[in-house]
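Chemist: My questions will all concern the structure given below.
Residue numbers (this note's numbering), protein chains in the order written: chain A, 1251 to 1364; chain B, 433 to 547.
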């Protein structure tokens, strides 16, 4: 597609369940980023991929959070044993170059943990 | 923690007026970017200004950067109701360091333009 595509757009899950959020970046973009936006914390960086490797995963809040990227394209963010504080919008972004000067965001996945 | 701090937190104006939002940051930067977000969903990139630039224009947008004061401003001229959104500044990288698009966002300004 023309833009960064994320799915699901909305997800309601029960506390303790695992969730997977998917990101399909713009074709050809080598860099991919996950951010989280929540009421209390604003926009936070989670993890950065260059190709399939993640040189910076410093923003992942706990070991319940993991992400992978395959084929230099699609990425999946997995949250295990979800907690209510995980409720947020999870935004994926991609950029065509390593310096990331122009970053394109998807519409986000709105996660609600009940 | 958020590096950028924006003010005002909320701005309410009438259509046709100009809107000015300010952003301050703490560390050295390679560039500063402004984004717009409608209804809490995807962010749209508006403009990027590099650390060696002082002013940049794009349509009705004017961005200034003062690295000595570690501050930036976004001016939207002749505002329209459709400009109603949240606006965020974001800083990327450190001068002399490697910038890979890891952005640090401000808390944002909620702009409401009344028709």
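Using N, Cα and C, we set each Cβ at its ideal position, and we do this for glycine too.
1) Go ahead and pull the three-state DSSP assignment for residue 1334 of chain A.
2) Please confirm if residue 1341 of chain A has its CB atom under 8 Å from at least one CB of chain B.
3) In angstroms with no decimal places, state the Cα-to-Cα distance between residue 1302 of chain A and residue 1274 of chain A.
4) Give the interface partners of residue 1266 of chain A over in chain B, defined as CB-CB distance under 8 Å, in chain order.
5) Could you give the residue range of the beta strand (DSSP E) that holds residue 502 of chain B?
6) Counting pairs of beta carbons, one from the stretch 515 to 524 of chain B and one from the stretch 449 to 457 of chain B, are three or more of them closer than 8 Å?
7) Have a look at A:1263, A:1305, A:1254 and A:1255 and flag the residue whose alpha-carbon is nearest the alpha-carbon of residue 1330 of chain A.
8) Rounded to a whole number of angstroms, what is the C-alpha to C-alpha distance between residue 540 of chain B and residue 1339 of chain A?
9) Start and end of the beta strand (DSSP E) containing residue 465 of chain B?
10) Counting contacts by CB-CB distance shorter than 8 Å, is residue 492 of chain B in contact with chain A?
11) Just to confirm my understanding: we take residue 1209 of chain A, look at its own chain, exclude 5 residues before and 5 after, and list those with CB closer than 8 Å. What are they?
12) Scan the stretch 464 to 494 of chain B for residues whose Cβ lies nearer than 7 Å to a Cβ of chain A and list them as they occur along the chain.
13) Got a sec: is the Cβ-Cβ distance from residue 1353 of chain A to anything in chain B below 8 Å?
14) Return the residue from the list A:1278, A:1282 and A:1306 that minimises the CA-CA distance to residue 1353 of chain A.
15) What span of residues does the beta strand (DSSP E) with residue 456 of chain B cover, start to end?
16) Output the boundary residues of the beta strand (DSSP E) element that contains residue 543 of chain B.
17) Since residue 1322 of chain A meets chain B, which of its residues come closer than 7 Å, beta carbon to beta carbon?
18) Less than 7 Å between C-beta atoms, sequence neighbours within five positions excluded: which residues of the same chain meet that for residue 499 of chain B?
19) Counting only C-beta atoms, is residue 526 of chain B closer than 8 Å to chain A at any point?
20) Just the Cα atoms here: how many angstroms apart are residue 1336 of chain A and residue 1361 of chain A?
21) Check whether the Cβ of residue 1315 of chain A lies closer than 8 Å to any Cβ atom in chain B.
22) With DSSP collapsed to three states, give me the class of residue 1252 of chain A.
23) Are the CB atoms of residue 447 of chain B and residue 538 of chain B nearer to each other than 8 Å?
24) List, in order along the chain, the chain B residues whose C-beta lies closer than 7 Å to that of residue 1296 of chain A?
Modeler: On the basis of the coordinates in this document:
1) Position 84 of the first chain, counted from the first residue, corresponds to residue 1334 of chain A. Collapsing the DSSP output to three states places residue 1334 of chain A in a helix.
2) Translated into positions along the first chain, residue 1341 of chain A becomes position 91. At a cut-off of 8 Å between beta carbons, residue 1341 of chain A contacts chain B.
3) Translated into the one-based positions of the first chain, residue 1302 of chain A becomes position 52. Translated into the one-based positions of the first chain, residue 1274 of chain A becomes position 24. Cα to Cα, residue 1302 of chain A sits roughly 13 Å from residue 1274 of chain A.
4) Walking along the first chain from the start, residue 1266 of chain A turns up at place 16. Contact note: residue 1266 of chain A does not reach chain B at a C-beta cutoff of 8 Å; the least C-beta distance is about 26 Å.
5) Within the second chain, the letter at position 70 stands for residue 502 of chain B. DSSP places residue 502 of chain B in no beta strand (DSSP E); its state is neither H nor E.
6) Yes, they touch.
7) One-based indexing of the first chain puts residue 1330 of chain A at position 80. Considering only alpha carbons, the answer is A:1263.
8) The sequence position of residue 540 of chain B within the second chain is 108, counting from 1. The sequence position of residue 1339 of chain A within the first chain is 89, counting from 1. Each residue's CA atom was taken as its position, placing residue 540 of chain B and residue 1339 of chain A some 16 Å apart.
9) As a position in the second chain, residue 465 of chain B is number 33, starting the count at 1. According to the DSSP assignment, residue 465 of chain B belongs to the beta strand (DSSP E) that extends over 463 to 469.
10) As a position in the second chain, residue 492 of chain B is number 60, starting the count at 1. No, because no Cβ of chain A sits closer than 8 Å to the Cβ of residue 492 of chain B.
11) The question about residue 1209 of chain A has no answer, for chain A in this structure spans 1251 to 1364.
12) Answer in chain order: 472, 473, 474, 475, 477 and 480.
13) Looking up residue 1353 of chain A in the first chain gives position 103. By this cut-off, residue 1353 of chain A is an interface position.
14) Working through the first chain from its first residue, we reach residue 1353 of chain A at position 103. Nearest to residue 1353 of chain A by C-alpha distance, out of A:1278, A:1282 and A:1306, is A:1282.
15) For the purposes of this step, residue 456 of chain B is identified with residue 24 of the second chain, where counting begins at 1. Run containing residue 456 of chain B: 451 to 456, per the beta strand (DSSP E) assignment.
16) On the second chain, residue 543 of chain B is found 111 positions in, with the first residue counted as 1. That run of the beta strand (DSSP E) goes 541 to 546.
17) Counting from 1 along the first chain, the entry for residue 1322 of chain A is found at position 72. By Cβ distance, chain B contributes nothing, its closest Cβ being about 16 Å from residue 1322 of chain A, past 7 Å.
18) On the second chain, position 67 is the one that residue 499 of chain B refers to. Excluding its 5 nearest sequence neighbours in each direction, residue 499 of chain B has C-beta neighbours in its own chain below 7 Å: 483, listed in chain order.
19) As a working note, residue 526 of chain B is residue 94 in the second chain. Bear in mind that a pLDDT of 49 at residue 526 of chain B, under 50, signals an unreliable position, so the model cannot answer this.
20) As a first step, residue 1336 of chain A must be located in the first chain, where it is residue number 86. As a first step, residue 1361 of chain A must be located in the first chain, where it is residue number 111. Whole-angstrom Cα-Cα distance: 8 Å.
21) For this step, residue 1315 of chain A is matched to residue 65 along the first chain. Output row for residue 1315 of chain A: interface = no.
22) Translated into the one-based positions of the first chain, residue 1252 of chain A becomes position 2. Coil, per DSSP.
23) Taking the first residue of the second chain as 1, we reach residue 447 of chain B at position 15. Taking the first residue of the second chain as 1, we reach residue 538 of chain B at position 106. Judged by their CB atoms, residue 447 of chain B and residue 538 of chain B are not nearer to each other than the 8 Å cut-off.
24) On the first chain, residue 1296 of chain A is found 46 positions in, with the first residue counted as 1. Contacts between residue 1296 of chain A and chain B, judged by CB atoms closer than 7 Å, are missing: the closest CB pair is about 10 Å apart.
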